[in-house]
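So the protein lines, in turn, are chains A and B. Residue numbering for the first sequence follows our numbering, starting at 594 and increasing by one per position. Residue numbering for the second sequence follows our numbering, starting at 48 and increasing by one per position.
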Amino acid sequence: GEDVEQSLFLSVREGDSSVINCTYTDSSSTYLYWYKQEPGAGLQLLTYIFSNMDMKQDQRLTVLLNKKDKHLSLRIADTQTGDSAIYFCAETSLSGNTGKLIFGQGTTLQVKP
Amino acid sequence: DVKVTQSSRYLVKRTGEKVFLECVQDMDHENMFWYRQDPGLGLRLIYFSYDVKMKEKGDIPEGYSVSREKKERFSLILESASTNQTSMYLCASTISGTSGLELQYFGPGTRLTVT
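This is how it looks when you write it as C-alpha cells:
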C-alpha cells in the first residue's frame with residue numbers, strides 16, 4: 594500500500610544546515626511535497642517537486658529527489674529559530690484527481706540558539 | 048489568498064455528546080478533506096469530499112460522519128464523542144485538476160478534548 598516514512602525528531606544548532614529525510618512507496622507519484630506546521634497552526638505548503646526532477650532550490654530550501662531509492666530530502670540552509678516546526682512530506686495518492694495526499698508522520702525540527 | 052477557516056480553535060466536550068466541526072473555504076475548491084493529527088502518527092484522513100453531497104471514506108472513518116450541503120462548507124460530525132477522539136482536527140481543500148499537482152490548503156485546526 595501507499596506509505597510515507599519520516600524520522601520523528603531532528604535537533605540542530607542555529608546557523609547549521611538541517612536535512613529532513615523521507616521515504617515513500619508509490620513510484621508513480623507525479624509530485625512530492627513538503628509542508629511546515631508551526632506550533633498551534635495548520636499546515637502550510639513549503640515547496641513541491643515534480644517527479645522527473647532530481648533537485649529544486651528555493652532560497653534557503655533545497656529539495657533532493659532520488660527516484661530509484663524513493664527518497665526525498667529537504668535541506669534548510671542557515672537554520673534559524675523560526676524554522677522550528679513540524680515538517681511533513683507527502684505524495685500524491687493513487688486515487689487520481691481527488692486531490693488526496695498521503696502524509697508522513699512528521700519530523701519535529703528543534704533549533705537550538 | 049486561499050482561506051480555510053474552522054469554526055473553533057479549541058473545543059472541550061463530554062463523552063457521548065454529539066460534536067460538529069465546521070470548515071469553510073472561500074476559493075470554490077471542489078475537494079475538501081478532514082484529517083486528525085496525533086503525535087507520532089502524522090495526519091490520517093478521516094473523510095473527503097470531491098463535490099457537493101459526495102463523500103468518501105478515508106483511512107479512519109469509524110466513529111465519524113460528514114456533511115457537504117454547499118460547496119464551500121464541509122462538516123465533520125462525531126455522533127457520540129469518545130475519549131479516544133481527543134485529537135487535533137485539520138480541514139483542507141484543493142481544486143480538482145488533471146496535472147497531478149495537488150496543493151492542499153489547510154485551516155488552523157481544532158483541538159478537541161473529550162472528557
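Here a beta-carbon is modelled for each residue, glycine too, at the ideal position from N, C-alpha and C.
Go to residue i, then tell me how far its beta strand (DSSP E) extends in each direction, as first and last residue.
i	result
Asp-651 of chain A	648–651
Ala-634 of chain A	Run containing Ala-634 of chain A: none; DSSP gives neither H nor E here.
Val-612 of chain A	611–617
Leu-148 of chain B	Note, Leu-148 of chain B: premise wrong, no beta strand (DSSP E); not H, not E.
Ser-644 of chain A	Neither: Ser-644 of chain A is in no beta strand (DSSP E) and is coded neither H nor E.
Met-135 of chain B	134–141
Gly-89 of chain B	89–96
Asn-78 of chain B	78–85
Val-605 of chain A	602–606
Tyr-661 of chain A	Reading off the sequence shown, one finds Lys at residue 661 of chain A, where the question assumed Tyr. No beta strand (DSSP E) holds Lys-661 of chain A; DSSP gives it neither H nor E.
Lys-705 of chain A	700–705
What is the C-beta distance between residue i and residue j, in whole angstroms, given that I count them as a contact (C-beta under 8 Å)?
i	j	result
Ser-129 of chain B	Val-161 of chain B	6 Å
Thr-700 of chain A	Ser-600 of chain A	6 Å
Cys-682 of chain A	Val-612 of chain A	The Cβ separation is near 12 Å, so there is no contact.
Leu-726 of chain A	Ser-644 of chain A	The structure shown does not extend to residue 726 of chain A, since chain A is modelled only from 594 through 706, so no value can be given for it.
Tyr-624 of chain A	Gly-147 of chain B	6 Å
Thr-640 of chain A	Asp-651 of chain A	5 Å
Arg-83 of chain B	Arg-158 of chain B	Contact doesn't hold; Cβ gap of about 11 Å is too wide.
Arg-120 of chain B	Asp-106 of chain B	With a Cβ gap of about 23 Å, Arg-120 of chain B and Asp-106 of chain B do not count as contacting.
Gly-87 of chain B	Gln-637 of chain A	Not quite, the Cβ-Cβ distance comes to about 21 Å (not below 8 Å), so this is no contact.
Lys-649 of chain A	Thr-616 of chain A	At roughly 18 Å, the Cβ-Cβ gap does not stay under 8 Å, so Lys-649 of chain A and Thr-616 of chain A are not in contact.
Thr-685 of chain A	Glu-77 of chain B	Their Cβ separation, rounded to whole angstroms, is 16 Å, which puts Thr-685 of chain A and Glu-77 of chain B out of contact at 8 Å.
Ser-140 of chain B	Gln-72 of chain B	4 Å
Any idea what DSSP makes of residue i, helix, strand or coil?
i	result
Gln-53 of chain B	strand
Asp-676 of chain A	helix
Thr-162 of chain B	coil
Thr-130 of chain B	helix
Ser-99 of chain B	First, the residue type needs correcting, since residue 99 of chain B is Val and not Ser in the sequence shown. Correct three-state label for Val-99 of chain B: coil.
Thr-623 of chain A	coil
Arg-61 of chain B	coil
Glu-69 of chain B	strand
Glu-119 of chain B	coil
Glu-598 of chain A	strand
Ile-107 of chain B	coil
Ala-683 of chain A	strand
Is residue i near the ligand SAH, judged by its Cβ being under 7 Å from some heavy atom?
i	result
Pro-86 of chain B	In the structure on display, the ligand SAH does not appear, and there are no ligands present to speak of.
> Listed in chain order, which residues of the segment 626–642 of chain A have Cβ atoms closer than 9 Å to some Cβ of chain B?
Replying inline: Residues passing the 9 Å Cβ filter: Tyr-626, Tyr-628, Gln-630, Gly-633, Ala-634, Gly-635, Leu-636, Gln-637, Leu-638 and Tyr-641.
>> Against chain A, which members of the segment 126–155 of chain B pass a CB distance test of less than 9 Å?
In response: Residues Leu-137, Cys-138, Ala-139, Ser-140, Thr-141, Ile-142, Ser-143, Gly-144, Thr-145, Ser-146, Gly-147, Leu-148, Glu-149, Leu-150, Gln-151, Tyr-152, Phe-153, Gly-154 and Pro-155.
> What residues in the segment 93–118 of chain B bring their beta carbon closer than 7 Å to a beta carbon of chain A?
Replying inline: Residues of the segment 93–118 of chain B whose Cβ lies closer than 7 Å to any Cβ of chain A, in chain order: Phe-95 and Tyr-97.
>> Any C-beta of chain B within less than 7 Å: which residues of the segment 692–703 of chain A qualify?
In response: Within the segment 692–703 of chain A, the residues whose Cβ lies closer than 7 Å to some Cβ of chain B are Gly-692, Lys-693, Leu-694, Phe-696, Gly-697, Gln-698 and Gly-699, listed in chain order.
> In the segment 67–90 of chain B, which residues sit with their C-beta less than 7 Å from some C-beta in chain A, listed in chain order?
Replying inline: Result list: Asn-78, Gly-87, Leu-88, Gly-89 and Leu-90.
> Does the segment 620–634 of chain A come close enough to the segment 57–77 of chain B that 3 or more CB-CB pairs lie under 8 Å?
Replying inline: The segment 57–77 of chain B and the segment 620–634 of chain A do not touch, with fewer than 3 CB-CB distances between them shorter than 8 Å.
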